[in-house]
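The opening residue of the sequence shown carries number 1 in UniProt numbering; numbering runs sequentially from there. Idealized CB from N, CA, C, for every residue including glycine. Because the structure is a prediction, the values reported are computed rather than measured.
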Amino acid sequence: MNLHLHPPTASRSAATKPAPSFPQLSPAPVFDYHPSADGIDSNLLIFFHGLGDTQIPFSQLARKLKLPQTACMSIRAFERVPFLEEEAYQWWESFDITGSPVSHPNPSSTLIKLIGMLDRLTTEEIGWKPEDIHLFGFAQGASCLSELALLWTRSRSTAAPLASIVSVSGPLLSLPTIPTSSRSPTPVLLWTRRGEDDTGKWRAGFERGFQSVQHFLAPRASQEQMPMTPQEWQPILEFWSKLLKSRHPWELNDRNTEESSTYEVRAG
1 MNLHLHPPTA
11 SRSAATKPAP
21 SFPQLSPAPV
31 FDYHPSADGI
41 DSNLLIFFHG
51 LGDTQIPFSQ
61 LARKLKLPQT
71 ACMSIRAFER
81 VPFLEEEAYQ
91 WWESFDITGS
101 PVSHPNPSST
111 LIKLIGMLDR
121 LTTEEIGWKP
131 EDIHLFGFAQ
141 GASCLSELAL
151 LWTRSRSTAA
161 PLASIVSVSG
171 PLLSLPTIPT
181 SSRSPTPVLL
191 WTRRGEDDTG
201 KWRAGFERGF
211 QSVQHFLAPR
221 ASQEQMPMTP
231 QEWQPILEFW
241 SKLLKSRHPW
251 ELNDRNTEES
261 STYEVRAG
C-alpha cells in the first residue's frame with residue numbers, strides 16, 4: 001500500500017491576493033499593481049517614487065526585479081508639483097508660491113492617506129498581513145515611507161510591524177525621540193551615496209526611530225540617483241533575501257493567519 005501526503009482539503013487556499021481597491025479614499029489613489037509572476041503572493045512590495053516623478057518607472061522596475069512570491073504596488077504621490085506642465089508629483093507641498101523649496105514640509109495629510117491604504121490592505125477582504133508588507137522608496141518617497149513606518153508603529157500598537165523598509169537617498173523628516181524599547185522593530189536598509197550623509201545625521205535619525213538599521217554607502221553621483229549597477233543593487237537584494245517569505249503552495253491557508261504544517265495521509 002502506498003501512502004501519500006496531501007494538505008487538508010479545508011485549508012487549501014488560492015495563492016494570490018485580490019487586486020487592491022480603496023473605496024474609502026477620495027480622490028482614489030493612483031497606483032499600479034502586479035501580482036507575483038510565479039502565482040504565489042506571499043509578500044507585498046510597495047514602491048514610493050521621488051519628487052517630480054510618477055508611479056510608472058517604479059512599476060516598470062517591479063516587473064524587472066521579478067522577486068519570487070512578491071506582488072508589487074507602485075503608488076503615485078497625491079499632489080501635483082506646481083509650475084510644471086509635465087506629469088510630476090510630490091508627496092507633500094515642496095515649494096512655496098515663489099518656487100523656492102519648503103524648508104519644513106508637513107507630511108501629515110499624506111501619511112493619514114497612506115495609513116488608510118495600509119489599513120485597507122490588511123483587511124480580511126484584501127488579505128495582507130502587516131508583516132508581509134515591504135516598502136521601497138527613493139529620495140522624497142524614501143522619506144515618506146520611513147515616516148509612514150514610524151507612524152504605523154505608533155498608531156497601530158496592537159498590529160504587527162511592517163516587514164521592512166529600504167530608504168534610498170531619503171532621510172527622515174522628523175527627529176525621533178523614542179525610548180529604545182518603543183522603537184519600531186521594522187528592519188531598515190538605509191542606502192546612500194557618498195556626499196549625501198557625510199555627517200551621519202540621516203543614519204542617527206533612523207537609529208533613534210528603528211531598532212535595526214543597516215547602512216550601505218554607494219559611490220558618489222552628480223545628482224540624486226537610483227541604484228544603477230548590479231553592485232549597487234546587491235545590498236538591497238541581499239537585504240530582501242533575508243526577509244521575503246517563501247512558502248510552498250501547501251502551506252497557504254486563506255482562513256488562518258498561521259501557516260499550516262498539518263497534512264492528511266491518504267492511501268492509494
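Check	Outcome
Classify residue 223 as helix, strand or coil using the three-state DSSP reduction.	coil
Considering only residues of the same chain and omitting the five flanking positions on each side of residue 212, which have a CB-CB separation below 6 Å?	187
Look up residue 195 in the DSSP assignment and say whether it is helix, strand or coil.	coil
Give me the residue from 110, 19 and 35 with the minimum Cα distance to residue 151.	110
For residue 34 and residue 80, which I take to be in contact (beta-carbon distance under 8 Å), what is that distance rounded to the nearest angstrom?	Contact flag wrong, Cβ pair sits at about 24 Å.
On the three-pair Cβ rule with 8 Å, is the stretch 136-146 touching the stretch 118-128?	no
Looking at the structure shown, is residue 122 part of a helix, part of a strand, or coil, going by DSSP?	coil
Determine whether the beta carbon atoms of residue 104 and residue 77 lie at a separation below 8 Å.	no
Could you check the C-alpha separation between residue 257 and residue 178 for me, to the nearest Å?	In this prediction, residue 257 scores a pLDDT of 44, lower than 50, which makes its location untrustworthy; no coordinate-derived value is stated.
According to DSSP, is residue 130 part of a helix, a strand, or is it coil?	helix
Starting from residue 60 and walking both ways along the alpha helix (DSSP H), at which residues does that stretch end?	56-65
Along the beta strand (DSSP E) that carries residue 165, what are the first and last residues, could you check?	164-168
State the DSSP-derived secondary structure class of residue 204, mapped to helix, strand or coil.	helix
Going by the beta-carbon positions, is the gap between residue 191 and residue 219 smaller than 8 Å?	no
If you measure between the beta carbons of residue 136 and residue 47, is that distance less than 8 Å?	yes
Whose C-alpha, out of 87, 217 and 45, is nearest the C-alpha of residue 198?	217
Tell me whether residue 18 is buried or exposed, calling it buried when 16 or more other Cβ atoms sit within 10 Å of its Cβ.	exposed
Taking its Cβ as the centre, do 16 or more other Cβ atoms sit within 10 Å of residue 228, making it buried, or is it exposed?	exposed
On the three-state DSSP scale, how would you describe residue 80?	strand
Grouping DSSP H, G and I as helix and E and B as strand, with all else coil, what is residue 145?	helix
Helix, strand or coil: which one does DSSP assign to residue 112?	helix
Rounding to the nearest angstrom, what Cα-Cα distance links residue 86 and residue 210 in this structure?	37 Å
How many Å lie between residue 84 and residue 52 at the Cα?	9 Å
I need the straight-line Cα distance from residue 262 to residue 132, nearest angstrom please.	With a pLDDT of 41 at residue 262, under the threshold of 50, the predicted position of this residue should be treated as unreliable, though the coordinate-derived value follows. So the two alpha carbons sit approximately 22 Å from each other.
With respect to the alpha helix (DSSP H) encompassing residue 172, which residues constitute its N-terminal and C-terminal limits?	Here residue 172 belongs to no alpha helix (DSSP H), and DSSP marks it neither H nor E.
Can you give me the Cβ contacts of residue 173 inside the same chain, cut-off strictly under 8 Å, excluding the 5 residues immediately before and after it?	105, 107, 143 and 147
Should residue 271 and residue 66 be called a contact, given that it needs their Cβ atoms to be closer than 8 Å?	Because the chain in this structure spans residues 1 to 268, residue 271 falls outside the shown range and cannot be described.
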